[in-house]
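Trainee: Residues in the sequence shown are numbered consecutively from 1, following full-length UniProt numbering. Each residue gets a CB set at the ideal place from its N, CA and C atoms; glycine is no exception.
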Amino acid sequence: MMQKPQRTKPTRHSPIGNRQSSDLVRNYLSGTIPREWGSMEQILNISLLGNRLTGPIPRELGNISTLKSLTVEDNMMSGEIPFELGNLRSIERLFLNSNFFAGELPASFANLTSMKEFRIGSNNFSGKIPDFIVNWTNLTGLRIMASGLEGPIPSGITLLTTLTDLRISDLGGPDMPCPSFKDTSFDNLPVVKPATIRTVLSLALLQGWDISQLDVKNAFLHGNLKETVFMHQRIGFHHPSYPNHVCRLRKSLYSLKQAPQAWYKRVTDYVTTMGFHHSSCDHSLFTYRRGRDTTYMLLYVDDIILITSSAVLKQNFLSLLSSEFAMKDLGPLSYFLGISVTRDDHGMFLSQHQNVLDILKKANMVDCNPVHTPVDTSEKLGALDGDLLNDPTTYRSLAGALQYLTFTRPDISYAVQHMPIGQAARTPVSQRPVTVFFLVTISSHGHIKDRQPFHVLAQKLNTEVLPTQLPNFVGSVIFYSSWDILPNVLLSFIVTMLARFI
1 MMQKPQRTKP TRHSPIGNRQ SSDLVRNYLS GTIPREWGSM EQILNISLLG
51 NRLTGPIPRE LGNISTLKSL TVEDNMMSGE IPFELGNLRS IERLFLNSNF
101 FAGELPASFA NLTSMKEFRI GSNNFSGKIP DFIVNWTNLT GLRIMASGLE
151 GPIPSGITLL TTLTDLRISD LGGPDMPCPS FKDTSFDNLP VVKPATIRTV
201 LSLALLQGWD ISQLDVKNAF LHGNLKETVF MHQRIGFHHP SYPNHVCRLR
251 KSLYSLKQAP QAWYKRVTDY VTTMGFHHSS CDHSLFTYRR GRDTTYMLLY
301 VDDIILITSS AVLKQNFLSL LSSEFAMKDL GPLSYFLGIS VTRDDHGMFL
351 SQHQNVLDIL KKANMVDCNP VHTPVDTSEK LGALDGDLLN DPTTYRSLAG
401 ALQYLTFTRP DISYAVQHMP IGQAARTPVS QRPVTVFFLV TISSHGHIKD
451 RQPFHVLAQK LNTEVLPTQL PNFVGSVIFY SSWDILPNVL LSFIVTMLAR
501 FI
């Protein structure tokens, strides 16, 4: 009998006192930082991430002489940075990202010679990048991105021999307009849907077609930028005749917001010239038909599944793709998006054994006793039942992992749909982790205790009876198809019609 985790009520008191660390991460705290925090003794670290704090940073924090790390990220704080923070002579790590801080960085920051990591991004600062940064001789990481600061970049940064992580982008100023990257449209890269993968693999098995896997090398470097983007010359790569010039990017770079969409448009435009067409149901599925020749291409960022009706057709398309992009033929499909694939004469085995191992380790339940029912019928989940969790991060991570596990574990689909991720994010209460741990225990059956993998067999759809022999797999095996409630004849008819219209 599995014991349920005990419920604990979150604490709402301020961490004032003789503590070495104060981590208030995503506790949905509101209000302002108390001025009394300036009297905390022996404090080394203050982290305020993902809350709803407002107002300025109190100047009293500059009295904490022992403070080594201050992180204020993803809040709604505003105002200028107090001059008194320059008294934090022991501070080594200062992160002030994703707030509404304004004004210039105080000149007193020149005294922070112990600084090792400094990050300011997504704020409303003004003025130029201060020259005192070159005095931070111990600096290893510097990130100034969309902060509102203006160029030029201090040339003395090249003298910081300890600097290993430098990221400066989106500098403001009258001649350097800074676009708003609050818009996440650049990040909305279409990716292939799990249902599309299952359907297309089933069609390939039905027809006996080749299923190959391709990898695009440095995919994001192939994208063409339609926006006007400038960047400073990289340290160590300045043009000797034009050291103060900036570079205009024609191609996308990794970490650039436009890179995913630029790559997707580039590959889409090229395969269209090859004769492929978009699927109206999934924009990451491309189809090609010429007489009896049929090809499906599934795109997931830089991973490609290529399904062709003949080996000659495969080689033709592989040559065309390789002439445009740096491609690597990984051979028959064997591992894709965390799913292990094994194909034989009877069909295809799909397994997420390693994912289950990772889930069990993350939940600290490697040694749990397996259960055999997909859901605990004695528990009734309500939207607001239970107490708020102090830190719902682990729960959300496990819930998302279990949702992805349903790709090869349809037996837990019913239980997973009773704990939607969106609702879980809004109301992370203590009853829901009980269900998560129950599902994790379900998933462990056949994986951990007996060291036997659990597989899904995508059977050839034109097989009338179950095969008399299975591949050399031990443990539990289930036969699964997206339409397993339909008779084989009707199923074959639907698949044939899909093959014509996808």
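Using the three-state DSSP reduction, which class does residue 334 fall into: helix, strand or coil?
Mentor: The residue given as residue 334 occupies position 334 in the sequence shown. Coil at residue 334, not helix or strand.
Trainee: Have a look at the DSSP bridge pairing and note the partners of residue 207.
Mentor: By 1-based counting over the sequence shown, the position of residue 207 is 207. The partner list for residue 207 (beta bridge, DSSP) is empty, contrary to what the question assumes.
Trainee: Look at the alpha carbon of residue 60 and the alpha carbon of residue 33, and state the distance between them as a whole number of angstroms.
Mentor: By 1-based counting over the sequence shown, the position of residue 60 is 60. By 1-based counting over the sequence shown, the position of residue 33 is 33. Their backbone Cα atoms lie some 10 Å apart in a straight line.
Trainee: Which of helix, strand or coil does DSSP assign to residue 233?
Mentor: Working through the sequence shown from its first residue, we reach residue 233 at position 233. Coil at residue 233, not helix or strand.
Trainee: Pull up the distance between the alpha-carbon of residue 515 and that of residue 332, whole angstroms please.
Mentor: Here the chain covers residues 1 to 502 and nothing more, so residue 515 does not appear.
Trainee: For the stretch 131-148 against the stretch 109-121, do three or more pairs of beta-carbon atoms, one drawn from each stretch, fall closer than 8 Å, so that the two count as touching?
Mentor: Yes, since at least three Cβ pairs between the stretch 131-148 and the stretch 109-121 fall closer than 8 Å, the two stretches touch.
Trainee: Within the continuous beta strand (DSSP E) that includes residue 102, where are the two ends?
Mentor: Position 102 of the sequence shown holds residue 102. 100-103 is the span of the beta strand (DSSP E), which, as asked, contains residue 102.
Trainee: By alpha-carbon positions, which one of 416, 414, 406 and 412 ends up nearest to residue 195?
Mentor: Residue 195 sits at position 195 when you count from the first residue of the sequence shown. Comparing Cα-Cα distances from residue 195 to each of 416, 414, 406 and 412, the minimum goes to 406.
Trainee: Quick test of your reading: residue 338 and residue 315, contact by CB under 8 Å. State the CB separation rounded to the nearest angstrom.
Mentor: Along the sequence shown, read from residue 1 onward, the residue named residue 338 stands at position 338. Along the sequence shown, read from residue 1 onward, the residue named residue 315 stands at position 315. At roughly 29 Å, the Cβ-Cβ gap does not stay under 8 Å, so residue 338 and residue 315 are not in contact.
Trainee: Counting C-beta neighbours from all protein chains within 10 Å, is the total for residue 62 16 or more, i.e. buried, or is it exposed?
Mentor: Counting from 1 along the sequence shown, the entry for residue 62 is found at position 62. Under this definition residue 62 is a buried residue.
Trainee: Please state the DSSP three-state secondary structure of residue 227.
Mentor: Along the sequence shown, one-based indexing puts residue 227 at 227. It is coil, neither helix nor strand.
Trainee: Looking at the unbroken beta strand (DSSP E) that takes in residue 93, where does it start and where does it end?
Mentor: Looking up residue 93 in the sequence shown gives position 93. Element bounds for residue 93: 93-97.
Trainee: For my contact list, residue 124 and residue 100 are in at a C-beta cut-off of 8 Å; report their separation, rounded to the angstrom.
Mentor: Numbered from its first residue, the sequence shown carries residue 124 at position 124. Numbered from its first residue, the sequence shown carries residue 100 at position 100. Contact holds; Cβ gap of about 6 Å.
Trainee: Thinking C-alpha only, which one of 329, 365, 368 and 360 is nearest residue 401?
Mentor: What you label residue 401 is simply residue 401 of the sequence shown in a count that begins at 1. When each option's Cα is compared against that of residue 401, the closest is 360.
Trainee: Nearest-angstrom Cα distance between residue 53 and residue 31?
Mentor: Numbered from 1 along the sequence shown, position 53 holds the residue referred to as residue 53. Numbered from 1 along the sequence shown, position 31 holds the residue referred to as residue 31. If I take the Cα positions, the gap works out to 5 Å.
Trainee: Would you kindly report the start and end of the unbroken beta strand (DSSP E) that includes residue 119?
Mentor: Position 119 of the sequence shown, counting from 1, holds the residue named residue 119. Looking at the DSSP string, the run of the beta strand (DSSP E) that includes residue 119 is 117-121.
Trainee: Cα-Cα, which of 92, 253, 106 and 36 is closest to residue 82?
Mentor: Residue 82 sits at position 82 when you count from the first residue of the sequence shown. Checked all of 92, 253, 106 and 36; the closest Cα to residue 82 is 106.
Trainee: State the Cα-Cα distance for the pair residue 396 and residue 341, rounded to the nearest angstrom.
Mentor: Position 396 of the sequence shown, counted from the start, is the residue given in the question as residue 396. Position 341 of the sequence shown, counted from the start, is the residue given in the question as residue 341. Distance between the alpha carbons of residue 396 and residue 341: 27 Å.
Trainee: Can you round the beta-carbon distance between residue 204 and residue 197 to whole angstroms, since I take them to be within the 8 Å contact cut?
Mentor: The residue you call residue 204 lines up with position 204 of the sequence shown. The residue you call residue 197 lines up with position 197 of the sequence shown. At roughly 11 Å, the Cβ-Cβ gap does not stay under 8 Å, so residue 204 and residue 197 are not in contact.
Trainee: For residue 113, which residues does DSSP report across the bridge?
Mentor: Working through the sequence shown from its first residue, we reach residue 113 at position 113. According to DSSP, residue 113 bridges with nothing at all.
Trainee: In three-state terms, what does DSSP make of residue 222?
Mentor: Start at 1 with the first residue of the sequence shown, and residue 222 comes out as number 222. DSSP places residue 222 in helix when its eight states are reduced to three.
Trainee: Given this structure, state the Cα-to-Cα distance separating residue 126 from residue 160, to the nearest angstrom.
Mentor: Position 126 of the sequence shown, counted from the start, is the residue given in the question as residue 126. Position 160 of the sequence shown, counted from the start, is the residue given in the question as residue 160. Those two C-alpha atoms are separated by around 24 Å.
Trainee: Would you call the stretch 318-335 and the stretch 212-232 in contact, with 3 or more CB pairs under 8 Å?
Mentor: Touching, yes, given that three or more Cβ pairs across the two stretches are closer than 8 Å.
Trainee: Could you spell out the range, first to last residue, of the alpha helix (DSSP H) harbouring residue 312?
Mentor: The residue labelled residue 312 in the question sits at position 312 within the sequence shown. Residues 311-324.
Trainee: Tell me whether residue 521 is buried or exposed, calling it buried when 16 or more other Cβ atoms sit within 10 Å of its Cβ.
Mentor: Outside the displayed range of the chain (1 to 502) lies residue 521, so it cannot be described from this structure.
Trainee: Taking just the CA atoms, how far does residue 283 sit from residue 264?
Mentor: Mapped onto the sequence shown, residue 264 falls at position 264. Mapped onto the sequence shown, residue 283 falls at position 283. Computed Cα separation, rounded: 10 Å.
Trainee: DSSP beta-bridge partners for residue 504?
Mentor: Because the chain in this structure spans residues 1 to 502, residue 504 falls outside the shown range and cannot be described.
Trainee: Just curious, the alpha helix (DSSP H) that residue 162 is in, first and last residue?
Mentor: Stepping through the sequence shown from its first residue, residue 162 is reached at position 162. Residue 162 -> no alpha helix (DSSP H), and no H or E assigned at all.
Trainee: Taking only the alpha-carbon atoms, compute the straight-line gap between residue 243 and residue 230 and give it to the nearest angstrom.
Mentor: Walking along the sequence shown from the start, residue 243 turns up at place 243. Walking along the sequence shown from the start, residue 230 turns up at place 230. About 15 Å.
Trainee: Could you tell me the boundaries of the beta strand (DSSP E) in which residue 134 lies?
Mentor: Position 134 of the sequence shown, counted from the first residue, corresponds to residue 134. Where residue 134 is concerned, there is no enclosing beta strand (DSSP E), given that its DSSP letter is neither H nor E.
Trainee: Which of helix, strand or coil does DSSP assign to residue 64?
Mentor: Along the sequence shown, one-based indexing puts residue 64 at 64. Here residue 64 sits in coil by DSSP.
Trainee: Once the 5 residues before and after residue 276 are set aside, which same chain residues still bring their CB inside 6 Å of it?
Mentor: For the purposes of this step, residue 276 is taken as the residue at position 276 of the sequence shown. Once the five neighbours on either side are set aside, the close Cβ partners of residue 276 are 286 and 288.
Trainee: Name the one or two DSSP bridge partners that residue 342 has.
Mentor: For the purposes of this step, residue 342 is identified with residue 342 of the sequence shown, where counting begins at 1. DSSP, once it has assigned bridges, lists 349 as partnering residue 342.
Trainee: Would you mind sorting residue 297 into buried or exposed? The rule is 16 or more other CB atoms within 10 Å of its CB.
Mentor: Position 297 of the sequence shown, counted from the first residue, corresponds to residue 297. Answer is buried; the Cβ neighbour count reaches 16.
Trainee: DSSP beta-bridge partners for residue 368?
Mentor: If you number the sequence shown from 1, residue 368 lands on position 368. Residue 368 pairs with nothing; no bridge assigned.
Trainee: For residue 153, which of helix, strand or coil comes out of DSSP?
Mentor: Numbered from 1 along the sequence shown, position 153 holds the residue referred to as residue 153. Looking at residue 153 - three-state DSSP - the assignment turns out to be coil, as it is neither helix nor strand.
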